[in-house]
Amino acid sequence: METEINKKTPLYDEHIKLGAKIVPFAGFLMPLYYKSIIEEHLNVRNNSGLFDISHMGEIIIKGKDAGAFVDYVFTADVSKIEPDEIIYSLILNEKGGIIDDVTVFKFSENEFMAVVNAANTQKDFSWLHYQQSEFQKKGYDVDVSDVSEKIGLISVQGPKSRDIIYPLVDEVIKIGRCGFFDLKYKPKPVTELKHFEFSCVLFKDINVEALISRSGYTGEFGFEIFAPAKETKILWDYLLKHGYLSNLIPVGLGARDTLRFEAALPLYGHELDETINPYDAGLEKYLSGTKDFIGKAALKNVKSKEKRLIFFKLSGKQIPRHAQRILDENLKPIGCIASGTYSPSNKFPIGSAYISDTNVNPSSLKNFFIDIRGNFEKAEVVNPPFHKKGKST
Amino acid sequence: MEFPKNLKYNTEHIWVKVNRDNALIGVTDYAQDQLGDIIYVDLPEPGYELEQNESFGTIESAKSVSELYAPVSGHVVRVNESLKDEPELVNEEPYDAGWLLEIKLTNENDLNDLMDNLDYEEYLESNG
């Protein structure tokens with residue numbers, strides 16, 4: 289991803305104070321880890337972790353015809369969800385290639401928010417803005433705005449997350465504004481939120497009002513908290529100060545990646561890009577059958593999958609990396625690695641790959657190899673995910 | 002961060018500890034800190050001929066893989082077998098249990114190309 293500037297999130301100085309190793313990611317200077325990727329990973333699986341994900345983009349779509357607009361630009365049935373629910377969706381181009389994968393929040397019949405990958409914020413906004421102009425030309429009322437810089441996003445993930453969130457928040461029962469956002473309904477108590485629902489809370493002592501959702505990117509129980517950018521630092525410090533409630537430690541992007549991959553959640557730029565369609569990626573369940581959307585017509589011509597995504601583990605210790613080759617038992621190249629990493633929970637290397645040779649049936653693929661810098665490492669197909677969440681849901 | 006006095010260092014963050022004709026080789030505290038959690042170390046077998054400044058293996062952390070560059074030429078006599086199961090020893094004790102190879106020096110003059118601990122620290126300050 290070519291990005292010239294290294295932007296900072298509102299929490300950059302906190303990461304430095306905590307001794308984080310900082311790396312450029314999607315145009316931002318982000319913490320890769322504070323102490324150790326493995327330690328941070330396992331702490332999220334066993335206790336809880338605090339993530340700065342303020343680099344992610346937020347795009348607000350509002351207007352009388354916002355419902356019709358979101359149904360056209362997103363593949364899932366977005367307008368039909370309740371106004372305190374979230375839905376996962378794809379944005380496709382006209383050819384059916386994946387522009388981005390996003391979550392969409394419904395604030396009211398007239399207002400939605402898409403949370404998008406940091407690396408794609410600009411691209412998504414330009415695309416949605418263009419679609420907005422096309423809609424406006426036809427007389428529709430819709431307005432798309434990029435509010436990413438006004439919002440700080442903090443994620444608390446792990447089975448013990450509720451032990452820190454519940455005691456620190458007061459319910460907000462008024463109808464109307466929630467920090468930065470405009471909600472047109474009475475928010476639910478945070479303790480009653482189910483997965484992919486959101487509400488509004490007031491953090492005690494610091495008096496910060498924030499949108500809170502039961503969501504995440506780790507395969508664990510957890511919350512994502514959208515606060516005004518200026519108040520993000522106070523909230524971060526407040527949560528860290530009360531870290532003892534849930535053994536909460538700060539977690540960097542390194543563990544965010546190993547956690548999401550063990551849960552087999554796709555990452556844009558690895559499992560997804562504009563050359564991959566939703567069928568290739570196994571995401572066809574996020575395509576609505578009942579409405580039209582951009583890319584739908586092109587997908588009708590996709591007869592069989594051109595590529596197939598598989599997940600695998602290695603018996604050796606070397607870690608597969610993005611774009612390395614997959615070889616069959618006769619060492620003939622049949623595909624390419626999408627993601628590869630070390631699984632801290634399983635203590636072996638794992639990966640995903642696109643098999644592009646249509647003569648190969650992934651389910652009958654037995655012996656195959658990964659070309660890791662000239663070493664042919666033996667791999668075995670695995671049914672994802674690599675990690676299943678415990679009793680907490 | 003520590004850089005022991007009795008070691009020699011190259012610019013690729015490898016240390017050498019000379020003991021008569023033989024030498025131990027490992028990565029510095031700085032290198033392990035930069036790499037983060039080490040998951041795998043790919044090393045040559047005994048008998049391999051190390052050539053000064055040439056790559057002799059790779060070291061892999063959760064996030065990246067780096068080449069290891071030989072500080073001196075030599076003949077590998079022993080490989081740290083513990084690293085196969087406990088690569089984290091490189092993080093925990095980079096100068097001790099986390100050593101990589103023992104070699105027999107083939108050209109003692111190679112040692113003159115290396116830095117002492119003070120030069121290495123200065124090098125890190127100006128390049129780190």
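Top line first, the protein sequences correspond to chains V and R.
Each residue of the first sequence is one higher than the one before, starting from 289 at the first, in the working numbering.
Each residue of the second sequence is one higher than the one before, starting from 2 at the first, in the working numbering.
C-beta atoms are modelled at their ideal positions from N, C-alpha and C, and glycine is treated no differently.
The model shown is predicted, which means the values in this text are computed figures rather than measured ones.
For residue 359/V, the uninterrupted alpha helix (DSSP H) segment begins and ends at 354-361. Short of 8 Å from the beta carbon of residue 2/R, and not among the five residues preceding or following it, lie these beta carbons of its own chain, in chain order: 30, 31 and 34. By the beta-carbon neighbour count (other beta carbons within 10 angstroms, threshold 16), residue 568/V is buried.
The residues 454, in chain order, have a CB closer than 7 Å to that of residue 479/V in the same chain once the five nearest residues on each side in sequence are set aside.
For chain R, the residues of the region 615-635 of chain V that bring a beta carbon within less than 9 Å of one of its beta carbons are 629, 630 and 632, in chain order. In the three-state reduction of the DSSP assignment, residue 301/V falls in the helix class, which pools H, G and I. Around the CB of residue 321/V, 16 or more other CB atoms lie within 10 Å, so the residue is classed as buried. The three-state secondary structure of residue 64/R, taken from DSSP, is coil. For chain R, the residues of the region 323-344 of chain V that bring a beta carbon within less than 7 Å of one of its beta carbons are 324, 325 and 326, in chain order. Spanning the alpha carbons of residue 81/R and residue 99/R requires a straight line of approximately 8 Å. With respect to chain V, the C-beta atom of residue 83/R has no partner C-beta closer than 9 Å.
Put simply, the backbone Cα of residue 559/V is about 13 Å away from that of residue 545/V. When C-beta distances to chain R are compared with 7 Å, every residue of the region 575-600 of chain V stays at or above that value. Annotation: residue 93/R has no Cβ neighbours in chain V at a cutoff of 7 Å; minimum Cβ distance is about 11 Å. A Cβ-Cβ distance of about 6 Å is found for the pair residue 576/V and residue 363/V, placing them in contact under the 8 Å criterion. Annotation: residue 557/V to residue 353/V spans about 32 Å, alpha carbon to alpha carbon. Scanning 593/V, 300/V, 641/V and 432/V for the CA closest to the CA of residue 549/V turns up 641/V. In this structure, residue 78/R sits near residue 47/R, with a CB-CB distance shorter than 9 Å.
Just so you know, the alpha carbons of residue 115/R and residue 10/R end up roughly 5 Å apart. Here the alpha carbon of residue 473/V sits roughly 7 Å from the alpha carbon of residue 464/V. Residue 4/R and residue 66/R have their C-alpha atoms roughly 23 Å apart. Separation of the CB atoms of residue 471/V and residue 395/V is rounded to 5 Å, and the pair is thereby assigned contact status at 8 Å. Residue 110/R is classed as exposed because its beta carbon has fewer than 16 other beta carbons within 10 Å across all chains shown. Of all residues in the region 351-374 of chain V, none is placed with a Cβ closer than 9 Å to any Cβ belonging to chain R.
For residue 450/V, no CB of chain R lies under 9 Å from its own CB, so it is not counted at the interface with that chain. For residue 606/V, the nearest CB of chain R lies under 9 Å from its own CB, placing it at the interface with that chain.
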